[in-house]
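**Q**
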Amino acid sequence: MTMARRLHFLLPLLLLAVISLSDSSTPQSTGQYVCDPARYQERGLDMNDFPFCNKSLSYSVRVKDLVDRMAMTEKAMQLGDQAYGVPRLGLLPYEWWSEALHGVSNVGPGTRFDKDIAPGATTFPTPVFTSASFHESLWKTIGQVVSTEARAMFNLGLGGLTYWSPNINVARDPRWGRILETPGEDPFVVGRYAVNYVRGLQDVEDHQGDEDLNSRPLKVSSCCKHFAAYDLDGWLGSIDRNHFDARVSNQDMVESFLRPFEMCVKEGDVSSVMCSFNKINGVPACTDNRLLSDKVRGEWNLHGYIVADCDSIDIIIKYNKWLGDSFIDAVSQALEAGMDLDCGLYYTKNAVTAVGKGRVKEEEIDKALKNLYTVLMRVGFFDGSPDYDHLGKDDICREEHIELAAQAAREGMVLLQNDGTLPLKGESLKKIALIGPHANATEAMIGNYAGIPCKYVSPLDAFSRTAAAVEYQPGCPDVPCDTDALFQNATEAAKRADATVILAGIDLTQEREWVDRAEITLPGLQTRLINEVAEAAVGPVVLVLLNGGALDVSFADKNPKISAIVWAGYPGEQGGNAIADVVFGKYNPGGRLPLTWYLADYVEKLPMTSMQFRPDDEQGYPGRTYKFFNGSVLYPFGHGLSYTKFAYKTSVSSNDFKTKLNRFQHCKSLNLTEQSTVSKCPAMRVDDMDCEEHSLDFEVEVSNTGSRDGDNVVMVYSVPPAGLRDAPFKQVVGFRRVFVPALGKTTAEFSLNVCKSFSIVTKSGYVVVPSGEHTVAIGGGEEAVSFPVRIEFE
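Under mature numbering (1 follows the signal peptide of the UniProt record, and there is no 0), read the sequence shown as residues -24 to -1, 1 to 770, first letter to last.
1. Tell me the rounded alpha-carbon separation between G274 and R684.
2. Taking the DSSP output, what are the residues bridged to L194?
3. Is A513 helix, strand or coil by DSSP?
4. Rounded to whole angstroms, what is the Cα-Cα separation between Y619 and Y169?
5. When the distance is taken between beta carbons, is S36 closer than 8 angstroms to T138?
6. Looking at Q486 and V520, is the spacing between their C-beta atoms short of 8 angstroms?
7. Look up Q707 in the DSSP assignment and say whether it is helix, strand or coil.
8. So L348 is in the alpha helix (DSSP H); what residue range does that whole segment cover?
9. Keeping to the same chain, check which residues put their C-beta closer than 7 angstroms to that of N145; ignore five residues upstream and five downstream.
10. Examine the Cβ distances between the stretch 394 to 414 and the stretch 453 to 473 and report whether three or more of them are shorter than 8 angstroms.
11. Assuming V433 and N523 form a contact by the criterion Cβ under 8 angstroms, report the distance between their Cβ atoms to the nearest whole angstrom.
12. DSSP three-state call for T724: helix, strand or coil?
13. Inspect the beta-carbon positions of D290 and G320 and report whether they are closer than 8 angstroms.
14. By Cβ distance, which residues of its chain are closer than 6 angstroms to G756, with the 5 residues on each side in sequence left out?
15. Closest to S630 by C-alpha separation, out of T497, Q383, Y364 and L672, would be which residue?
16. For M46, collect the residues of the same chain with a Cβ closer than 7 angstroms to its Cβ; drop the 5 residues on either side in sequence, then sort them by chain order.
17. Contact between the stretch 415 to 431 and the stretch 580 to 598 is defined here as three or more beta-carbon pairs at a separation below 8 angstroms; is this criterion met?
18. Could you have a look at M250 and say whether DSSP puts it in helix, strand or coil?
19. Would S627 be called buried (16 or more neighbouring beta carbons within 10 Å of its own) or exposed?
20. Tell me, which residues are paired with L672 by DSSP?
21. Could you work out which residue in I304, G356, N82 and G314 is closest to L194 when comparing CA atoms only?
22. From M53 to M315, what does the alpha carbon distance come to, in whole angstroms?
23. For the beta strand (DSSP E) that contains Q449, what are its first and last residues?
24. Is the beta carbon of R661 less than 8 angstroms from the beta carbon of V730?
25. On the three-state DSSP scale, how would you describe P536?
26. What do you get for Q178, buried or exposed, if any count of 16 or more other CB atoms within 10 angstroms of its CB means buried?
27. Using the Cβ count rule (16 or more neighbours within 10 Å means buried), how would you classify L(-4)?
28. Any idea what DSSP makes of N507, helix, strand or coil?
29. Do the stretch 381 to 394 and the stretch 553 to 564 make contact, defined as three or more Cβ pairs closer than 8 angstroms?
30. By Cβ distance below 6 angstroms, which residues in the same chain neighbour A97 in space, the five residues on each side in sequence not counted?
31. Report yes if the CB atom of C251 is closer than 8 angstroms to the CB atom of I282, and no otherwise.
32. Label residue 784 either buried or exposed according to how many other C-beta atoms from any shown protein chain fall within 10 Å of its C-beta, with 16 as the threshold for buried.
33. Nearest to T263 by alpha carbon, out of K294, S232, R235 and V307?
34. Three-state secondary structure (DSSP) at residue 772?
35. Are there 16 or more other CB atoms within 10 angstroms of the CB of N296, so buried, or fewer, so exposed?
36. So, is M48 buried or exposed, given that buried needs 16 or more other C-beta atoms within 10 angstroms?
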């Protein structure tokens, strides 16, 4: 959705006639609850006359009563993100659009900050950096803190209860401008991030296991977006998301684009899904019945509502030019496809006419409203929430929240390269040169879809607190770095310092919504600045990079004068402290890359518009992500060093799975090479298997063989049997972040479902488990170990 506030259109006079501003002068009401007897009394109404306020009734009965009481014109006024309420029923207005990608944000009109009441909220690292921690409980805890601050904002009259976050699109291409918003390139990891963050935002204690999920209470409502195959914004000035038709194979759709959303709905029980701007194989996503009604609400059983990315209907008409539709046509098709809420005014303006002309049934509008108001009842908008009504100003920017933001930044730090120089021994340094366009970064650290942080701690702030004197020289006036006027000051500082730390990278001038990159190298003259400073330096040189999408910094990796390279992502409001803690060894980095870092010529080998993940030899395409890319990379997915060393040992109880087929189970063929070793029954469809029957249980003993305490991410991959064409090289099926004291040991336990962990997707879109010898590979560096897993169908 656009980060700029939308230009609102004038409402038709017919609709304006039904609006009374007696409850509010704006379509926004926060800090109030609908079913408040005193509020009804003030308006000369008796709340007992309205069964939708009767708490003894089920939500389904209450919502039906509410919707049945509305006239068609009143119904239409509730279908946009600005729901205008119905004063004669005591129904308050509500603004649906709030954001909480990595902290409560004021991007959407549903939430704002106030300098006296709530001047800011805790701002965590952006998701691509938080995902580098590979720490599921951290992801959930961040969600819990964000939702606590969100509820406090609502109680203060400053925020909403429905947050259109997280962004769980897979990062397919390193040039995409919104990679910083996503959890990375692996569909399973993205899905696990979604499940944990959504659970953190939504779950109310003691209600996670409620049987009736349509009435399970919510702390706040979360939304997984953008559904689906959306990962292009504005490339080369000629192709943008409003016009883009993503041509996607069934194989890639099932395997990569849909999987995180399926996990978000089925395992995270998210209460909203947002459909995307783009067309998919010629059909606008928000009018695709197969995706919305059949898949999200039907097959996956969404307990919530489906919302449009903002102004999607306008895009369908003006840019997609879908079937020559009018606004009434598009509104009718979107409603029938299962899109409940329009972020915009197109439903509000056109729904009455669409029903009047017989283009859509009023029943479809009733369904949408029931989905919407059920969520608002679950989140406490009607009845309040005893668990959270006490939250207020003191629950925002609490010290423990700020410390969690710092810890999240520490855990995400990835040590890309180190010749042993790091950590720096701060007590032995008299002077440090702090150089680069990000050396005094503040706003750049928080990326996009952010609010106002509680307080910034820049790298300069943090390094200045050390015993050493710090000389700060930006070298470049900004990230685009189009002048070398400040280079000499930077090189002279490096000559005077005992150690030099360069903070370089990119920012929102290079990657953001609407802005994709053409190159994946450092912008402007930054490369030259780094090389000249490194050459001039008399002490060790450490390069710290701030960026979301991958960068080719092979020049620095090969430069013997650059002793270490650290990826700091966009580390949030406490980023400076986290960077200093890692550089000086107060924290031992344990993060791993959630993205492949390609070499610069990657962008010359395939266009962004190419959606396929697998290599295409005829086109000369090398494939995408660690699962299929067949070329050389700078740093692979999962790469990350430590200040200590780790070793693995595995213990597995049984790794041989034999299934005797019944007469209703049928073998599936596979595309095999001559070297294939699969059996006479090559594969079984997962849908035809008893997937609860078999699981692979094993342990990984992690030994810290060094002299420093540290965290280790135990990454588990499955490798398909040899001889399968189009199968991934490997795929993540599990991970654990564990703390291991120096010279100590710990054990990580894993239980892999055979259907989920050893399946692949065929060209036709079937999910199958191949027979033959699979491999479980653990880790990817010196500590890597593996063992075989035999699967047979008889």
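Just so it is clear, CB atoms sit at the ideal spot from N, CA and C, and this is done for glycine as well. In this text, all values refer to a predicted model and were calculated from it rather than measured experimentally.
**A** With the given structure in hand:
1. 51 angstroms
2. Looking at the DSSP output, L194 bridges to D179.
3. A513 carries a coil assignment under DSSP once its states are collapsed to helix, strand and coil.
4. Here the alpha carbon of Y619 sits roughly 26 angstroms from the alpha carbon of Y169.
5. no
6. Not in contact: V520 and Q486 (Cβ atoms no closer than 8 angstroms).
7. strand
8. E338 to R354
9. T158, H202, Y206 and D207
10. yes
11. That belief does not hold up - the Cβ atoms of V433 and N523 are roughly 19 angstroms apart, past 8 angstroms.
12. The residue asked about is misnamed: residue 724 is Ala in this sequence, not Thr. Correct three-state label for A724: strand.
13. yes
14. The answer, listed in chain order, is G614.
15. L672
16. V62
17. no
18. Annotated three-state conformation of M250 is strand, per DSSP.
19. exposed
20. L728
21. G356
22. 16 angstroms
23. A445 to Q449 is the span of the beta strand (DSSP E), which, as asked, contains Q449.
24. no
25. Three-state result, P536: coil.
26. buried
27. Because L(-4) carries a pLDDT of 35, less than 50, the predicted location of this residue cannot be relied on, and no value is offered for it.
28. helix
29. When C-beta atoms of the stretch 381 to 394 are compared with those of the stretch 553 to 564, three or more pairs fall below 8 angstroms, so the two segments count as touching.
30. G79, V80, E125, I372 and G427
31. Yes.
32. Outside the displayed range of the chain (-24 to 770) lies residue 784, so it cannot be described from this structure.
33. For T263, the nearest C-alpha among the options comes from V307.
34. In this structure the chain extends from -24 to 770, so residue 772 is not present and cannot be described.
35. buried
36. exposed
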